[in-house]
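All remarks here apply to the structure that follows.
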Amino acid sequence: MASAARSPVSIDGYRVVRRIGVGGTGETFEVLWIGDDGTEGRGCLKWLHAHRAEDAQSRELFAREARIAGRLQHPNLVSILGHKLDADRPYVVFAFVDGVDLRVLRENGRLTPEQVLWIGNRVAAALHYAHSYCDGEIRGVVHRDVTPGNILVSVEGVVKLADFGLARVRTHGTASLTVESEVKGTLPYLAPELMVGGKASERSDLYGLGAVLYELAIGEPPFAGSNSYELIKKVCEGQLDGPPLGEGAKAFPAEFVALVEAMLAREPEARPESALEVQLQLEACGGSRRERRRLGAIVRETQDNLETSRAAEVTPVDLDVANQSEPRPQPSPRAEKNSRRKTLLGALAVLGMVGLAGIMMGRGGAADNAQEVENGVAVRTEVLGEPERNAPPEEPTTKAVGAVMAAPVPQTAAPGVEESPQTEPQAAAKRERALLRVFANPWGNVWINDEKIGRAPVRRSVRPGTYKVQIGDEYPEEPKYVKVRAGESRKITLRKAEIE
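Under the numbering used here, the first residue of the sequence shown is numbered 4, with each subsequent residue one higher.
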């Protein structure tokens, strides 16, 4: 029988709310803490895997990401709040971003041209800042992994570029903080020159952004393949799988089409000179700050849809039995594989350039959840439940570096696997669901039917019925009973004046 999954309750004084994801580098958690002034903080803690913490190079790369993120401060970059790099298991705490990444956003509905233009504008602004950043040591940072999964949109509509784990840093001396012999990135957003051993440059990032903009405009990536070799060949040849941008994105200005086509040029010299040039051209095409509000509304709606489809079951309270609900088992978390980052080892060539040296497309491994105490960092663990058996592999739904995603993507069947048809009882049960959203003013924890759900706001997919809802800090206050009907989306806000 599979062993029960474990999750830390606290890590070095940070209280763990939930595990967000597990990748090849480490685990990521949503955390809370109390500051010296008594205010509560909220962040995303990235914790290096125990076995990687024993490897000097892994520790150095992890520390480098922290150093880079700590220096870069821009409204459209995910910022770092703190770190402990000398612990036996180092960790970094990033700012909390309540939202979804572009992959989730695109899969849940097409964005308008104005929204795509604004997103591209903000990412270009973040890249321009990173590319031109200069201090006593650094004179420019190339991201090297501009993908939909690394671009986040918050519930306020703010666009954030995350994850500088693969960044190439130019220094004022001759040293580089990146191993140039390794070609790393994510297909199909990796520039062709990087696949043949070329150096990452600012224009490599512009290629990645161009691929993202193409995908947002058309609805699918520019390149696809049944395997990595086929995909690399198409990228290097410039063989689009989707329609030409001018045909598939007729709602977009002609200037936008020309710009994205230039960004996807095979030769770096044929691309725009800088991210600033891209930003200014996108600004001229349209899209404005007004799109923030609309984007925020779309993100909140997306979160609601995702929560409705996959939220844990909550049972209505039985008012005839002293308002006490029966205890329910905790949901079984699954480790999410960080499959978006793919590493290509060795120089790569296609179409008569140079012979193919080798490719390895790496997927993140599962975390070692058995260890309860880590040297150098205070850790407490609790059993969350037994993982489901025979569950199909689950694709990652959030980018868990420097951001917290509010809800995962609905699970889909693996390629080549036909899903079982939904039975009538299952369909009827789905139709009878409702959505219960609880807000607190001031903020506090939420209990539903005497079960502590977590920090407000919370969203729960429930069956029709009456629910006992409470807010509080360490302990719940007086309850409020809320009745929800089938198909209803019920929002309630509990205030101190209402429950005192």
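Just so it is clear, CB atoms sit at the ideal spot from N, CA and C, and this is done for glycine as well.
{"Query": "Beta-carbon separation (whole angstroms), G123 vs L216, contact threshold 8 angstroms", "Result": "5 angstroms"}
{"Query": "Under the three-state DSSP convention, the category A325 falls into", "Result": "Caution is warranted here: a pLDDT of 33 is assigned to A325, below 50, making its placement in the model unreliable, and no coordinate value can be reported."}
{"Query": "The beta strand (DSSP E) enclosing N153, as first and last residue numbers", "Result": "Here N153 belongs to no beta strand (DSSP E), and DSSP marks it neither H nor E."}
{"Query": "Within 8 angstroms, strictly: CB atoms of G85 and D148", "Result": "no"}
{"Query": "N- and C-terminal bounds of the beta strand (DSSP E) containing R436", "Result": "First-last for R436: undefined, no H or E at that position."}
{"Query": "Buried or exposed by the 16-neighbour rule on C-beta atoms within 10 Å, applied to G367", "Result": "Any answer about G367 is weak, because its pLDDT of 37 lies below 50 and its placement is not dependable; what the coordinates show is given next. Answer is buried; the Cβ neighbour count reaches 16."}
{"Query": "Straight-line gap, V25 to G245 (C-alpha atoms, nearest Å)", "Result": "32 angstroms"}
{"Query": "Beta strand (DSSP E) runs wholly inside the segment 242-270, at least 3 long, in chain order", "Result": "none"}
{"Query": "Length of the line joining the Cα atoms of V20 and D58", "Result": "28 angstroms"}
{"Query": "6 angstroms CB neighbourhood of L193 in its chain, flanking five on each side removed", "Result": "none"}
{"Query": "Beta-carbon spacing of K237, G228 below 8 angstroms", "Result": "yes"}
{"Query": "Length of the line joining the Cα atoms of L279 and C288", "Result": "14 angstroms"}
{"Query": "Cβ contact (3+ pairs, closer than 8 angstroms) linking the segment 255-262 and the segment 104-111", "Result": "no"}
{"Query": "Run of the beta strand (DSSP E) containing G26, from where it starts to where it stops", "Result": "First-last for G26: undefined, no H or E at that position."}
{"Query": "For A437 and I474, believed in contact at Cβ under 8 angstroms, the rounded distance", "Result": "That pair is no contact at about 20 angstroms."}
{"Query": "Distance between M266 and A254 (C-alpha atoms, nearest Å)", "Result": "19 angstroms"}
{"Query": "8 angstroms Cβ cutoff met for Q118 and R297", "Result": "yes"}
{"Query": "Simplified DSSP assignment, three categories, for H134", "Result": "helix"}
{"Query": "Coarse secondary structure for F226, derived from DSSP in three states", "Result": "coil"}
{"Query": "Those residues which DSSP pairs with D104 across a bridge", "Result": "L155"}
{"Query": "Pick from P460, L439, R458, Y478 that is closest to V485, judged by C-alpha positions", "Result": "L439"}
{"Query": "Distance, V95 Cα to L88 Cα", "Result": "8 angstroms"}
{"Query": "Entirely enclosed alpha helix (DSSP H) segments - the segment 270-303, minimum 4 residues", "Result": "278-288"}
{"Query": "Alpha carbon of E375 to alpha carbon of I14, nearest angstrom", "Result": "Low confidence applies here, because E375 scores a pLDDT of 34, under 50, leaving its location unreliable; read the following figure in that light. Near 11 angstroms, if we compare the C-alpha coordinates of I14 and E375."}
{"Query": "Proximity of H52 and T28 at Cβ, strictly below 8 angstroms", "Result": "yes"}
{"Query": "Reference D166, options K49, N452, P195, closest by Cα", "Result": "K49"}
{"Query": "Burial state of Y132, where buried means 16 or more other Cβ atoms lie within 10 Å", "Result": "buried"}
{"Query": "Pair within 8 angstroms by beta-carbon distance, V172 and I71", "Result": "yes"}
{"Query": "Which of helix, strand or coil DSSP assigns to N308", "Result": "helix"}
{"Query": "Bridge partners - N448, DSSP secondary structure assignment", "Result": "R458, G475"}
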